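Numbering (this note's numbering), first residue to last: -3 to 172.
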Amino acid sequence: MNNPYSPVEELNLLKAFQDRVGYENFAQGFGLTEYGEVSGLLAWSEDPEFTGRLIPFAQATGGGSFYALWRLDDREDQATLPVVVFGDEGGEHVVARNIRELFQLLGFDEEISVDHEEAYFYRDENEPHTDGHDEYVAWLDEHFGLLPAKDPDAVLAAAQAESGGRFADWIRPFLP
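Next comes the structure, spelled out in structure tokens:
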């Protein structure tokens, strides 16, 4: 890739996929946005310690919630950082232990719901999938050998158990 979307190879692969099938066309409400654009974070805090430790990269819902990587340490491989969601009406939560887990959540093909107490996914069994869902599932298997999350609550619970408390403690001083 001559001009990569990001320093995260997994996200670069997803960007190429999104460019081919369309924004919000393979996972309800999801679309990659400008990597590292912090303007959405400023509603929470303008503190450079806050904005410097979060890397926004995607819209999470059509309403304005978004995903970011949380630099909880100085590891080189950003794909292994926890993924957090910031709700358009408030609430901020760890939702995946890494990018690949987020990709599995995207395969559930439903917008994440975010409030102050929790983040969760709900899908009505009669709701149709996005047009590019089947192609995304095939892409996920081809590139990473992964299947979509059948139980997104379990993925969220594992992420929360691993770093949810640490994230809550870290973010607390920055919240209004």
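Every residue, glycine too, gets a C-beta built ideally from N, C-alpha and C. Treat the numbers as computed from the prediction; the structure is a model and nothing was measured.
Is residue i helix, strand or coil when you go by DSSP?
i, result
"Glu106", "coil"
"Ala23", "coil"
"Leu142", "coil"
"Pro0", "coil"
"Leu77", "coil"
"Gly86", "strand"
"Tyr116", "strand"
Starting from the Cα of residue i, find the closest Cα among the options and give me that residue.
i, options, result
"Ser61", "Asn8, Gly48, Glu88 and Ala75", "Glu88"
"Leu102", "Leu143, His112, His139 and Gln74", "Leu143"
"Asp120", "Asn94, Gln74 and Gln24", "Gln24"
"Leu28", "Gly86, Gly128 and Tyr1", "Tyr1"
"Ser35", "Arg93, Leu50, Phe22 and Phe26", "Leu50"
"Ala164", "Phe117, Leu98, Pro78 and Asn94", "Pro78"
"Leu10", "Gly86, Ala75, Arg71 and Pro169", "Ala75"
"Tyr63", "His139, Asp70 and Glu107", "Glu107"
What do you get for residue i, buried or exposed, if any count of 16 or more other CB atoms within 10 angstroms of its CB means buried?
i, result
"Glu123", "exposed"
"Asp105", "buried"
"Glu33", "exposed"
"His129", "buried"
"Pro148", "buried"
Report yes if the CB atom of residue i is closer than 7 Å to the CB atom of residue j, and no otherwise.
i, j, result
"Val81", "Ser159", "no"
"Asp84", "Gly58", "no"
Since residue i sits in a beta bridge, which residues does DSSP pair it with?
i, result
"Pro52", "Ala64"
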